[in-house]
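Student:
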Amino acid sequence: MVVDYSKWDKIELSDDSDVEVHPNVDKRSFIKWKQQSIHEEREKRNADIKNLEVQLTMYTHLNKRVDKLLSSDGLPVAKFADLGEVTKYLNANFDKTEKCTGDNVDPNIGTYNEMVEDLFEQLKRDAVSDKEDPNDGEVIKQHLLKHREKIESVSKEAHVKLDQLYKEKNAHISSDDIHTGFDSGFINIKKEEEESRVVNKALEKLEVVNEDTTTAELTTIAENTPMSFIDFGDDVTRLAAETEKFGLIPFKDYRESQRYLLGHMQILSEQQKDALMMKAFEFEMEKDGSPMTYQVIHQSELLGYVREVYDLKKIPFLNLKQMEEVINVFFSKVIFNPNNVRGRESFLESVRAKYEHVKQRVKVLQKESSQEGEGVETIQLKSLDDSTELEVTLPDFTSKDPVEVGRCEAFNKLPKDMQEAVKTKDLDTVNKVFESIPIKEAEDILELFDEAGVIGVKALLENEEDFNQIKQQYQGDVKEPEGLEAEETGDVVTTDVVD
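Counting from 1, position 46 in the sequence shown corresponds to residue 46 in UniProt numbering; the numbering is continuous, with no gaps.
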């Protein structure tokens, strides 16, 4: 197939370039969407393959029986209209218990012989509909021949569809698809170790490719090295070590990038391109304006451009010789061609556009993360009576009384800043310290308050609404008796406040 590379002479930014690397969704959304898409496509494709395989298997067995009936030594034509004779002949020449099996097959399905018998019944009904004699064997035979032609046509269509599904499946090969062919010498080896051994064996052959490797040598390697694209399937952010190394090649060193791709063609998969793009997100999140963000995006775009053109060849697997041609033509026509300055500049514009989008998207993510981080639970003390000041009873630090000594010991267990805050007897000062203390540690401090007897704590509430309800109840209770003044109290409730 001849591929038109002229598109590189007039490369322009696509309006849907964002969709290509999913920059409008955060990392978790990207992973979830990608996994769901992969699962759905794979499950549907596998289900279609199984159904077609069952269908073709069934047609094969049925046609075998029909062809036997129609053969020169088959059932006499005169007996085609006699269902009893048809049944007798089938059972004498074929296993009458043989039936279609499989995950998607009804276990109660009839045997192949019974299906052919049902077919002959249908042929007799068709003869009646055509106003022909259903008891004429020649009439039934002609109807059977027509049916046989229809089955042949349907079978051909099913084969074409099945071949297409096989190609799609191979085009999206994952680690589960890696196998060693006839190599069965290590039957007890773990699956993961076996997969790794096969990939590494192929990589060893590719590692010999360097700047001095001739086209003939590379072709020899391509023709003798079985290889597939690296695709970790559902783990869409997983980077192969080879791809990560490619991402670190300085973006201006195009010669090295070209050389590396020629030696590591298996990294040119959509999954690895996307995983490299997600690595750029990580660099930007770790440090705003990280030079590695642009670096990795640039290398990811190289993978994307080369793979896009290779896909035009419609080869459902990695053909090293064909991929070599695509890589070399891309660099010669887009990167190194002095007569196609616009081609290289358009490529760089695409890189810059994605770089700016990643930067903006990371800022949004960081802002959202910051807002989420602001909602930290913290304990705050509040008095039930607005007219009553916080009553703090400090222990007598000079007393020898055992009770006071115990209170002092509990007070001294408080953090130093909290000790100083309590000594001020100011509620705002105490709450200011609580703002910087984790909820669990703050609860421990409340226990020390109680043990030291410095502040009376009446309840620990979950939110402001609960506090207001108790406050209303408290105020109603102290004001209800007429002629009595509200008794002053030092009781304090605590609430977990979400800022």
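Beta carbons: idealized from backbone N, C-alpha and C, even for Gly.
Count the C-beta pairs between the stretch 340 to 356 and the stretch 297 to 309 that are closer than 8 angstroms, then say yes if the count reaches three, no if not.
Tutor: They touch, by the three-pair rule.
Student: CB-CB under 6 angstroms to ALA410, same chain, minus the five flanking residues each way: which ones, in chain order?
Tutor: Answer for ALA410: LEU448, GLU451 and ALA452, listed in chain order.
Student: Which residue from LEU268, THR243 and MET292 puts its Cα closest to that of PHE251?
Tutor: Out of LEU268, THR243 and MET292, MET292 has the C-alpha closest to the C-alpha of PHE251.
Student: Excluding five sequence neighbours on each side, which residues of the same chain lie with their C-beta closer than 6 angstroms to the C-beta of GLN258?
Tutor: The answer, listed in chain order, is PHE331.
Student: Can you tell me which of the three DSSP states LYS382 falls into?
Tutor: Three-state result, LYS382: strand.
Student: Using 8 angstroms as the cut-off, can you tell me whether the stretch 399 to 417 makes contact with the stretch 328 to 343, which would need three or more C-beta pairs spanning the two stretches below that distance?
Tutor: Segments in contact, no.
Student: Less than 8 angstroms between the beta carbons of ARG268 and TYR310, yes or no?
Tutor: The residue asked about is misnamed: residue 268 is Leu in this sequence, not Arg. Yes.
Student: If you run the structure through DSSP and keep just helix, strand and coil, what is THR111?
Tutor: Here THR111 sits in strand by DSSP.
Student: Less than 8 angstroms separating the beta-carbons of THR393 and PHE434?
Tutor: For THR393 and PHE434, no; Cβs fall outside 8 angstroms.
Student: Between HIS61 and the rest of its own chain, which residues show a CB-CB distance below 8 angstroms, the 5 nearest in sequence each way excluded?
Tutor: These residues qualify, in order along the chain: GLU98, CYS100 and TYR112.
Student: Using the Cβ count rule (16 or more neighbours within 10 Å means buried), how would you classify LEU248?
Tutor: Exposed, because fewer than 16 other Cβ atoms sit within 10 Å of the Cβ of LEU248.
Student: Should ILE445 be labelled buried (16 or more other beta-carbon atoms within 10 Å of its own) or exposed?
Tutor: Label assigned to ILE445: buried.
Student: How would you write the range of the alpha helix (DSSP H) that GLN266 sits in, first residue to last?
Tutor: GLN266 -> no alpha helix (DSSP H), and no H or E assigned at all.
Student: Apply the 10 Å Cβ neighbour rule to GLY304 and answer buried if 16 or more other Cβ atoms are within range, or exposed otherwise.
Tutor: It counts as buried.
Student: Sort MET418, LYS425, VAL422 and LYS423 by Cα distance to SER436 and report the nearest one.
Tutor: Checking every option, the nearest Cα to that of SER436 belongs to MET418.
Student: Could you pull out every residue in the same chain whose Cβ sits closer than 8 angstroms to the Cβ of LEU165, ignoring the five residues on either side in sequence?
Tutor: So the list reads ARG45, ASP48, ILE49 and LEU52, once near-sequence residues are dropped.
Student: If you count every other CB in all the chains shown that lies within 10 Å of the CB of SER350, and 16 or more means buried, which is it?
Tutor: Its Cβ being crowded by 16 or more others within 10 Å, SER350 is buried.
Student: Which value, in whole angstroms, describes the spacing of the CA atoms of PHE246 and PHE232?
Tutor: In a straight line, the C-alpha of PHE246 is about 17 angstroms away from that of PHE232.
Student: When DSSP labels each residue in this structure, what does LYS423 get in the three-state scheme?
Tutor: DSSP places LYS423 in helix when its eight states are reduced to three.
Student: Let me check one thing: in DSSP terms, what residues is LYS99 bridge-paired to?
Tutor: Answer by DSSP bridge pairing, in chain order: THR111.
Student: So for ARG361, helix, strand or coil by DSSP?
Tutor: Correct three-state label for ARG361: helix.
Student: Go to LEU320, then tell me how far its alpha helix (DSSP H) extends in each direction, as first and last residue.
Tutor: Element bounds for LEU320: 320 to 330.
Student: Mapping the DSSP letters down to three states, classify ARG238 as helix, strand or coil.
Tutor: DSSP places ARG238 in coil when its eight states are reduced to three.
Student: Would you mind giving the Cβ-Cβ distance between GLN271 and VAL236, rounded to the nearest angstrom? I have them listed as a contact below 8 angstroms.
Tutor: GLN271 to VAL236, Cβ: 6 angstroms. Contact.
Student: Measuring straight from C-alpha to C-alpha, what distance separates PHE317 and VAL77?
Tutor: Going by the C-alpha atoms only, they are around 51 angstroms apart.
Student: On the DSSP letters alone, give me the boundaries of the alpha helix (DSSP H) that PHE449 sits inside.
Tutor: Unbroken alpha helix (DSSP H) run through PHE449: 439 to 452.
Student: Starting from ILE297, trace the alpha helix (DSSP H) both ways and give me its first and last residue.
Tutor: Taken as a continuous stretch (DSSP letters only), the alpha helix (DSSP H) holding ILE297 covers 291 to 311.
Student: Less than 8 angstroms between the C-beta atoms of GLY137 and LYS79, yes or no?
Tutor: Their beta carbons are under 8 angstroms apart, which means GLY137 touches LYS79 by this criterion.
Student: Does the Cβ-Cβ distance between VAL306 and ALA280 come in under 8 angstroms?
Tutor: Cβ atoms of VAL306 and ALA280: not closer than 8 angstroms.
Student: Three-state secondary structure (DSSP) at SER72?
Tutor: Of the three classes helix, strand and coil, the one that applies to SER72 here is coil, per DSSP.
Student: Would you call the CB atoms of PHE120 and ILE151 closer than 8 angstroms?
Tutor: Contact flag unset, no.
Student: Report the residue from ILE315, LYS367, ASN108 and SER228 whose alpha carbon sits nearest the alpha carbon of ASP288.
Tutor: Nearest of ILE315, LYS367, ASN108 and SER228 to ASP288, Cα basis: LYS367.
Student: Determine the burial state of VAL86: buried for a count of at least 16 other Cβ atoms within 10 Å of its Cβ, exposed for fewer.
Tutor: Result: buried.
Student: Return the chain-ordered ranges of every beta strand (DSSP E) run that is complete within the stretch 126 to 166 and spans a minimum of 3 residues.
Tutor: Fully enclosed beta strand (DSSP E) runs of 3 or longer: not present.
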